[in-house]
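Structure first, commentary second.
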Amino acid sequence: MSDAPHAQPADAADAARQTPDHEALSQALQDLMGDAEIWRPRILMSAVRLDVFRALAEAPAAPDALAARIGADPEGTDRLLCALKEMGYVEEGADRRFANAFVSRHFLDPASPYYVGSWFLLNDADWSAWGGLSDAIRTGAPPTGGGVFADPERLAPLLHAAHERARLFHLGEALQALDLRGAGSLLDLGGGLGTYSLAFCETYPDLVCTLFDLPAAIDLARAEIARHPVQDRIRLIAGDFTRDALGGPYDVVFMSNVLHGEPPESAQALVGAARRALTPQGRLVIRDSFLEDDGVNAFNGAIFSLTLMIETEAGRTHKRAAVKDMLARAGFGAIEEPTPKLIVARAG
Ligand SMILES: C[S@@+](CC[C@H](N)C(=O)[O-])C[C@H]1O[C@@H](n2cnc3c(N)ncnc32)[C@H](O)[C@@H]1O
Numbered sequence: 000m001s002d003a004p005h006a007q008p009a010d011a012a013d014a015a016r017q018t019p020d021h022e023a024l025s026q027a028l029q030d031l032m033g034d035a036e037i038w039r040p041r042i043l044m045s046a047v048r049l050d051v052f053r054a055l056a057e058a059p060a061a062p063d064a065l066a067a068r069i070g071a072d073p074e075g076t077d078r079l080l081c082a083l084k085e086m087g088y089v090e091e092g093a094d095r096r097f098a099n100a101f102v103s104r105h106f107l108d109p110a111s112p113y114y115v116g117s118w119f120l121l122n123d124a125d126w127s128a129w130g131g132l133s134d135a136i137r138t139g140a141p142p143t144g145g146g147v148f149a150d151p152e153r154l155a156p157l158l159h160a161a162h163e164r165a166r167l168f169h170l171g172e173a174l175q176a177l178d179l180r181g182a183g184s185l186l187d188l189g190g191g192l193g194t195y196s197l198a199f200c201e202t203y204p205d206l207v208c209t210l211f212d213l214p215a216a217i218d219l220a221r222a223e224i225a226r227h228p229v230q231d232r233i234r235l236i237a238g239d240f241t242r243d244a245l246g247g248p249y250d251v252v253f254m255s256n257v258l259h260g261e262p263p264e265s266a267q268a269l270v271g272a273a274r275r276a277l278t279p280q281g282r283l284v285i286r287d288s289f290l291e292d293d294g295v296n297a298f299n300g301a302i303f304s305l306t307l308m309i310e311t312e313a314g315r316t317h318k319r320a321a322v323k324d325m326l327a328r329a330g331f332g333a334i335e336e337p338t339p340k341l342i343v344a345r346a347g
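In terms of numbering that gives the first Met the number 0, the sequence shown has 179 at position 180, counting the first letter as 1, and numbering is strictly consecutive.
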């Protein structure tokens, strides 16, 4: 009898032995149907978009009262509250007065320091773009509605979402892994709201950061940076890094989550421009989600690469080896990789 992988079972007993056990099938089915539950994130997007959690943080409310507060239909609001209760995001008290549950108080009330609601606002703003994913895969064409950087309605939640996420999950690791002592100037290229510039200036009292970003992003960054005492050490440049001069020279060029917005040729050009903007002993720090040789990584890098087909004109996650090649071609010297998300390259 052949032992090829697709060999037919000799008899029913063999067939039974080769049938996956019931528990494995049931688990696989549950996982599969879990991935079909699009309604849960969709309901949360609407609740955040309609300001439900902010309104309930003011005071618990019955459905009619909440509907009046958020300017929505009473019957629709009632159904939304019941769904959110079932999902564990609100709790119902006496007289059908609903209040934020633990998770919503901490993460969905905009007054909380741990607010992450911008992720739901971003997904909501991207909703129609997601409808184009099949076409994007079929044709390979850029998204018909354009990329997120050209649309202020999508750019604002993107930058707020990146800011919130970095502060909760990434800043600490980056600050720990990078030693910027001795650096006097840093270019935060595509710096968004200035999340990293703010943290670097707070950590290094002699450092001056220059945040370079698109004009619409710079307007948003100006408002965020003005709330922080280190604002005097953060300069702002509004421009397009694919066309405009980056200024300098700088001791450090820092690029976080920027390279994945560019296709390979333009990523190569950007790495070259960064090198030209550095002092001879300067360093380029690239922080990104790099794919390993098999095209995936442990941080959902392949899934992220697919989302970039609907969010950007031509972005993709780059392989770590490809980024190192870009650095070598741009003339960078020694390379260090202090964490899986960081590549640091010496200009000389
Ligand atoms: C994903 S965000 C990263 C923000 C921030 N560095 C972080 O890690 O949280 C990418 C940033 O690159 C900026 N960007 C994209 N294309 C640009 C361009 N052509 N010129 C300047 N900035 C650009 C966007 O506006 C955005 O702020």
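For glycine and all other residues, C-beta sits at the position ideal for the given N, C-alpha and C.
Heavy atom of ligand 1 within 6 Å of His206 beta-carbon: The sequence shown places Leu at residue 206, not His. No; taking the cut-off as 6 Å, the Cβ of Leu206 has no heavy atom of ligand 1 nearer than that.
Rounded C-alpha distance that separates Thr241 from Phe211: Their Cα atoms are separated by approximately 12 Å.
Extent of the continuous beta strand (DSSP E) run through Tyr249: 249-255
Between the CA atoms of Arg95 and Ala321 - distance to the nearest angstrom: If I take the Cα positions, the gap works out to 58 Å.
Buried or exposed (CB count within 10 angstroms, at least 16 for buried), Thr209: Looking at its Cβ environment, which holds 16 or more other Cβ atoms inside 10 Å, Thr209 is buried.
Under the three-state DSSP convention, the category Leu132 falls into: helix
DSSP-derived helix/strand/coil call for Pro19: coil
Closer than 6 Å: Asp231 CB and nearest ligand 1 heavy atom: Not under cutoff, so the answer is no.
Contact shell at 6 Å, judged by CB to any heavy atom of ligand 1, ordered along the chain: Phe148, Leu158, Ala161, Ala165, Gly189, Gly190, Gly191, Thr194, Asp212, Leu213, Ala216, Asp239, Phe240, Thr241, Ser255, Asn256, Val257, Gly260
Selected residue, minimal CA-CA separation from Gly145, among Arg319, Thr202, Asp125: Asp125
Assigned secondary structure, Gly171 (DSSP; H/G/I helix, E/B strand, else coil): helix
Under 7 Å between C-beta atoms of Gly281 and Asp250: Result yes, Cβ atoms of Gly281 and Asp250 sit closer than 7 Å.
Integer Cβ distance of Leu269 from Gly247, believed to fall under 8 Å: No, Leu269 and Gly247 are not in contact; Cβ-Cβ is about 14 Å, not under 8 Å.
Cα-Cα separation between Leu213 and Gly191, rounded to whole angstroms: Going from the Cα of Leu213 to the Cα of Gly191 covers about 9 Å.
Collapsed DSSP secondary structure at Asp243 in the structure displayed: coil
Segments of 4+ residues assigned as alpha helix (DSSP H) that fall wholly inside the segment 261-313: 263-275, 300-310
Same chain, Cβ closer than 6 Å to Ser304, neighbours up to 5 away in sequence not counted: Within its own chain, the residues whose Cβ lies closer than 6 Å to the Cβ of Ser304, once the five positions on either side in sequence are excluded, are Arg315, Thr316, listed in chain order.
Secondary structure of Ala329, DSSP reduced to three states: Ala329 falls in the coil class under three-state DSSP.
Runs of alpha helix (DSSP H) wholly within the segment 149-225 (minimum 4 residues, chain order): 151-164, 170-176, 194-202, 214-224
Chain-order list of residues whose beta-carbon lies under 8 Å from that of Ile217 (same chain, five-residue window excluded): Leu210, Leu235, Ile236, Ala237
Three CB pairs or more closer than 8 Å across the segment 48-59 and the segment 100-120: Contact annotation: the segment 48-59 touches the segment 100-120, with at least three C-beta pairs closer than 8 Å.
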